[in-house]
Amino acid sequence: MDIIIASFDSISEVDMDYTITMYLHQYWMDERLSWSNAIPIEEMTLSGEFSQNIWVPDTFLANDKHSFLHEVTERNKMLRISDDGRVAYGMRLTSTLSCSMNLRNFPLDSQNCTVEIESYGYTTSEVLMKWKHPLAVHGVEKTDVPQFTIIGYQTVDSIVRTATGENAYFIVYQLNDFHKDGLNESIKSGCLA
């Protein structure tokens, strides 16, 4: 899988969450969807709605509070199938994600907010989830967050053991640092008091 961060829409210290818009792309092989060389097409791009007719991963965001898929002008989902059964499946979504913030050093704090991705029901013996390549997260460096500076990110692959088995678990850490404008506002407020 890979992710493109389109925007950081908001960060709320009060609600301990942040909202991002992203493109989530997943890739897998399904030989049942392959076709013979008699058809001179190597790849077909289909409406995302076609995904209801085939198997797709049950990927979800574990720290999600609220999400929605974009629907202007059409539902923002994409499905591409290659003649050998390779599948590329993508969607554009906006998600509000929980982020436990430590505000003890406010306004000089820094926060680690995550995008926590995992399979809802499949175990690692049934579905092997992994990043498409080591640099599978894009767009972070191009986003702007008012009052915050994103100082970096990292991806982590791990396994979560639950009562139903082991699930692959991916974390994208967004390392946010309070911007100096917030410090300036705090100093101004302190001087006025």
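Counting from 1, one number per residue, gives the positions in the sequence shown under my numbering.
C-beta atoms are modelled at their ideal positions from N, C-alpha and C, and glycine is treated no differently.
Fill in: A6 beta carbon less than 8 Å from that of G152
In the sequence shown, the residue the question calls residue 152 occupies position 152. In the sequence shown, the residue the question calls residue 6 occupies position 6. The answer is no: Cβ separation not under 8 Å.
Practice prompt. Check whether the Cβ atoms of L61 and M91 lie closer than 8 Å to each other.
Written response: Residue numbering aside, residue 61 sits at position 61 when the sequence shown is read from its first letter. Residue numbering aside, residue 91 sits at position 91 when the sequence shown is read from its first letter. No, the pair does not count as a contact, with Cβ atoms beyond the cut-off.
Fill in: Segment contact flag, the segment 67-82 with the segment 111-124, C-beta cutoff 8 Å, min 3 pairs
no
Discussion item. Assuming H66 is part of the beta strand (DSSP E), what are its boundary residues?
Written reply: Here the question's residue 66 lines up with position 66 in the sequence shown. Residues D64 to L69.
Practice prompt. May I ask you to report which of helix, strand or coil DSSP gives E42?
Written response: To locate residue 42, count along the sequence shown from 1; it is residue 42. It is coil, neither helix nor strand.
Discussion item. In the DSSP assignment, the beta strand (DSSP E) including V160 goes from what residue to what residue?
Written reply: Here the question's residue 160 lines up with position 160 in the sequence shown. F148 to T162 is the span of the beta strand (DSSP E), which, as asked, contains V160.
Discussion item. I need the DSSP call for N53, collapsed to helix, strand or coil.
Written reply: Counted from its first residue, the sequence shown places residue 53 at position 53. In the structure shown, N53 sits in a helix (DSSP, three-state: H, G or I).
Practice prompt. Have a look at T94 and S34 and give me their C-alpha separation to the nearest angstrom.
Written response: Translated into positions along the sequence shown, residue 94 becomes position 94. Translated into positions along the sequence shown, residue 34 becomes position 34. Going by the C-alpha atoms only, they are around 32 Å apart.
Discussion item. Can you list, in chain order, the residues of its chain with a C-beta nearer than 6 Å to that of W28? Leave out the 5 residues immediately preceding and following it.
Written reply: As a working note, residue 28 is residue 28 in the sequence shown. So the list reads V87, once near-sequence residues are dropped.
Worksheet item: Cα-Cα, which of N37, S67 and E166 is closest to Y23?
Response: As a position in the sequence shown, residue 23 is number 23, starting the count at 1. Considering only alpha carbons, the answer is S67.
Worksheet item: Which same chain residues, not among the five before or five after S98, have their C-beta less than 7 Å away from its C-beta?
Response: Numbered from its first residue, the sequence shown carries residue 98 at position 98. Taken in chain order, the residues that qualify are M16, D17, N63 and K65.
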